[in-house]
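Worksheet: one structure, shown below.
Number of protein chains: 2
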Amino acid sequence: SNVGLMEEVQNPELVSWNEGPTKQAIIDYVMDVTNPSSSNFIPVEDRIATFDNDGNLWSEQPAYFQLFFAIDRVKALASEHPEWSTQQPFKSVLENDMKTLSTFGEHGLLELVMASHTGMSTEEFEQIVIDWLETSRHPRFDRPFNELIYQPMLELLDYLRANEFKTFIVSGGGIEFMRPWVDEAYGIPSDQVVGSSIATEFDYNNGNPIIKRIPKIDFIDDKEGKPIGINRFIGKKPVFASGNSDGDLQMLQWTDSNKYKSFQLYLHHTDAEREWAYDKNSSIGRLDKGLEEALNKGWTVVDMKKDWKVIYPFEMK
Amino acid sequence: SNVGLMEEVQNPELVSWNEGPTKQAIIDYVMDVTNPSSSNFIPVEDRIATFDNDGNLWSEQPAYFQLFFAIDRVKALASEHPEWSTQQPFKSVLENDMKTLSTFGEHGLLELVMASHTGMSTEEFEQIVIDWLETSRHPRFDRPFNELIYQPMLELLDYLRANEFKTFIVSGGGIEFMRPWVDEAYGIPSDQVVGSSIATEFDYNNGNPIIKRIPKIDFIDDKEGKPIGINRFIGKKPVFASGNSDGDLQMLQWTDSNKYKSFQLYLHHTDAEREWAYDKNSSIGRLDKGLEEALNKGWTVVDMKKDWKVIYPFEMK
Ligand SMILES: [Ca+2]
Ligand SMILES: [Ca+2]
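First to last, the sequence lines map onto chains G and R. 275 is the number of the first residue of the first sequence in this note's numbering; add one for each residue after it. 275 is the number of the first residue of the second sequence in this note's numbering; add one for each residue after it.
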């Protein structure tokens with residue numbers, strides 16, 4: 275139809291999204307709130323869009339990619355820490371015993387992060403992340419982790435920016451773990467990244483100042499932390515928010531309370547073949563209450579298998 | 275000369291800056307680092323410029339404007355707090371006894387801020403700031419406080435943005451005290467504001483979520499806090515930094531350590547007639563060590579009286 279043709283011309287960016295209610299809901303929303311004669315028009319300065327990262331802009335299976343990074347760092351540092359060969363959770367990391375590692379829960383992960391993410395300057399840490407991305411490979415796809423980003427979400431980010439939305443990452447992941455690569459991956463600059471953080475200290479260092487990462491949690495950007503982080507870093511309530519787990523629910527509720535017409539997007543992992551299928555029974559990226567609330571409130575749910583033509587950019591080639 | 279004419283054409287924005295070494299140093303720097311054939315060229319994504327606010331983008335005499343706000347809020351809230359009539363530092367505020375108030379030092383100010391800046395939602399606080407700016411007047415100029423912004427700095431911000439620098443505020447002032455008005459005043463959006471902050475809590479509030487301001491300091495964005503805040507919010511080292519007091523020294527040192535050619539600008543208040551003249555003996559905006567280091571390191575110092583044709587935008591009319 276002519277309508278279809280016009281959309282194709284106006285929105286060339288969503289090419290990896292199958293036609294259907296999900297893609298149409300996104301386009302209808304953006305067309306409405308950017309139309310100056312619509313009662314739902316949103317001024318450019320209030321077009322704030324926030325995106326969760328793990329499992330929403332890139333994959334998060336079989337474990338959060340930052341955990342692979344922490345494990346590789348622990349192994350790299352092991353020669354300086356002979357005590358780790360007998361001390362948990364480090365022992366299980368060094369023995370590649372993921373089953374035992376998982377028994378230490380969040381506290382164990384935190385110990386790995388503290389041991390592997392602190393004690394250096396912010397510039398050193400940035401270089402460590404860059405080097406790791408160049409040398410490490412995802413166990414299933416045998417590709418650098420930052421190639422496992424979602425092509426349809428890249429198009430959505432571009433589409434929103436073309437319509438003068440300002441796009442932000444709001445992730446439970448480490449802010450300084452994301453910043454070195456997200457600009458190239460997603461077109462999101464470092465100052466538009468909200469994430470969990472480690473405490474830091476300024477050291478004048480005899481005229482060569484550095485900022486040191488110290489073994490103390492500064493902020494956890496998850497659940498209630500997401501609206502808190504959005505308020506702290508962005509200072510405005512989003513009109514568009516996108517996530518994939520219960521950890522995003524408060525961000526979506528916060529966005530849903532905007533005085534402007536808002537849009538909530540949940541990504542449902544339904545594609546075991548091309549990616550992974552998981553929701554309410556997954557320890558990684560659990561989506562249970564969020565899905566229920568999405569259904570109750572009429573939020574948009576992406577069915578990955580049905581809605582996405584491709585998952586990763588490398589499938590386009 | 276032809277060179278002068280070319281500059282005039284290329285840089286129409288710095289019209290309120292007198293010709294001389296200060297203006298020329300700014301233009302020379304910007305022309306150099308934005309020139310793709312220069313060895314000092316800086317890629318657009320690394321053109322981060324940070325500006326202190328109090329005494330640097332707007333005035334700060336005879337007291338920080340946020341203190342006037344706190345005092346007005348204490349007076350507005352006094353009827354709900356009969357105990358304040360006998361309890362310091364509130365008693366001296368209610369009796370307009372600034373001399374006694376000043377004896378309570380930073381701790382006293384903190385008590386005023388906690389009593390007047392917390393206990394409400396972030397949206398309520400924003401409205402209180404907006405209302406205050408509309409109704410309050412500066413004691414010397416009898417104008418809204420947000421009219422006492424520096425015309426030459428507005429031009430400098432515009433000039434940097436025209437050359438694809440991303441401009442940020444990095445201020446010891448309250449982040450949520452600044453955000454409601456700085457976009458209109460300086461063209462700096464809320465997410466490009468770094469400041470001191472109060473702790474907050476997310477409250478689902480039966481489906482009408484709010485973020486509550488609670489009486490606890492979250493972060494002090496001053497001295498060592500400035501590079502810490504820059505790293506946390508921006509995630510990149512600035513190439514251009516501008517301040518007016520010793521509280522900006524660490525920010526300028528941090529900027530001076532950039533691998534790119536960087537620019538440090540200290541604003542020296544030398545104009546008692548049109549604004550105020552103060553430096554090393556002032557309790558507000560003290561500039562002592564910073565001025566010494568600027569001279570030692572060859573940083574650029576603005577002599578307000580000599581370098582600025584006008585101070586405030588209302589002088590242009
Ligand atoms: Ca997620
Ligand atoms: Ca200042």
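Even glycine gets a Cβ: it sits at the ideal position worked out from N, Cα and C. Nothing here was measured: the structure is a model prediction, and the numbers come from that model.
In this structure, residue 512 of chain G sits away from residue 502 of chain G, with a CB-CB distance that is not shorter than 9 Å. In this structure residue 292 of chain R is in contact with residue 581 of chain R, their Cβ atoms being roughly 6 Å apart against a cut-off of 8 Å. For residue 513 of chain R, the closest Cβ of chain G is not nearer than 9 Å. Rounded to whole angstroms, the separation of the alpha carbons of residue 496 of chain R and residue 415 of chain R is 28 Å.
Residue side-chain check: residue 518 of chain R places its Cβ nearer than 8 Å to a non-hydrogen atom of ligand 2. Counting C-beta pairs closer than 8 Å gives fewer than three between the segment 347-362 of chain R and the segment 464-479 of chain R, which falls short of the contact rule. If you look at residue 539 of chain R, you'll find it isn't in any alpha helix (DSSP H); it sits in the beta strand (DSSP E) that goes 537-544. By the Cβ-count criterion, residue 348 of chain R is buried, with 16 or more other Cβ atoms from all chains shown falling within 10 Å of its own Cβ. Within the same chain, 574 come within 6 Å of residue 299 of chain G by CB-CB distance, once the 5 residues on both sides are set aside.
Counting only Cβ-Cβ distances below 8 Å, residue 498 of chain G has contacts in chain R at 475 and 476, in chain order.
Between ligand 1 and the CB of residue 330 of chain R, the shortest heavy atom gap is not smaller than 8 Å. Non-local C-beta neighbours of residue 399 of chain R in its own chain, meaning closer than 8 Å and more than five positions away in sequence, comprise 391, 450 and 487, ordered along the chain. Taking all protein chains shown into account, residue 329 of chain R has 16 or more neighbouring C-beta atoms within 10 Å of its C-beta and is therefore buried. The criterion of a C-beta distance shorter than 9 Å is not satisfied by residue 514 of chain G and residue 531 of chain G.
Boundaries of the beta strand (DSSP E) harbouring residue 486 of chain R: 484-493, taken from the DSSP string.
Within chain R, 319 have C-beta atoms less than 7 Å from the C-beta of residue 463 of chain G, given in sequence order. Contact of residue 482 of chain R with chain G by beta-carbon distance below 8 Å involves 531. Within a 10 Å sphere around the beta-carbon of residue 440 of chain G sit 16 or more other beta-carbons, which makes this residue buried. The beta carbon of residue 418 of chain G sits no closer than 9 Å to any beta carbon of chain R.
Around residue 411 of chain G, no beta-carbon contact reaches into chain R at under 7 Å, the shortest distance being about 26 Å.
With a threshold of 9 Å between beta carbons, residue 396 of chain R makes contact with chain G. Contact between the segment 427-443 of chain G and the segment 471-488 of chain R is absent, with fewer than three C-beta pairs closer than 8 Å.
Distance from the C-beta of residue 354 of chain G to the nearest heavy atom of ligand 2 is not below 8 Å. By the Cβ criterion, the segment 329-341 of chain R is not in contact with the segment 303-319 of chain R, since fewer than three pairs of Cβ atoms, one from each stretch, lie closer than 8 Å.
With contacts defined as CB atoms closer than 9 Å, residue 518 of chain R and residue 541 of chain R qualify as a contacting pair. Of R:577, R:568, R:384 and R:590, the smallest CA-CA separation from residue 494 of chain R is found for R:384. In terms of beta-carbon proximity, residue 492 of chain R lines the interface with chain G, with at least one pair separated by less than 9 Å. For residue 376 of chain R, the three-state secondary structure derived from DSSP is helix. Listed along chain G, the residues sitting closer than 7 Å to residue 528 of chain R by beta-carbon distance are 483. Contact between residue 324 of chain R and residue 525 of chain R is confirmed by a C-beta separation of about 6 Å, below the 8 Å threshold. Cβ atoms of residue 558 of chain G and residue 334 of chain G come within 8 Å of each other, at about 6 Å. The shortest C-alpha to C-alpha distance from residue 424 of chain G to any of G:438, G:456 and G:446 is the one to G:456.
For residue 446 of chain R, the shortest separation between its Cβ and any heavy atom of ligand 2 lies below 8 Å.
By the Cβ neighbour-count rule, residue 350 of chain G is exposed, with fewer than 16 other Cβ atoms within 10 Å of its own.
Assignment of residue 559 of chain G by DSSP, reduced to helix, strand and coil, places it in the coil class.
Using a Cβ-Cβ cut-off of 9 Å, residue 387 of chain G does not count as an interface residue toward chain R, since no Cβ of chain R sits closer than that to its own.
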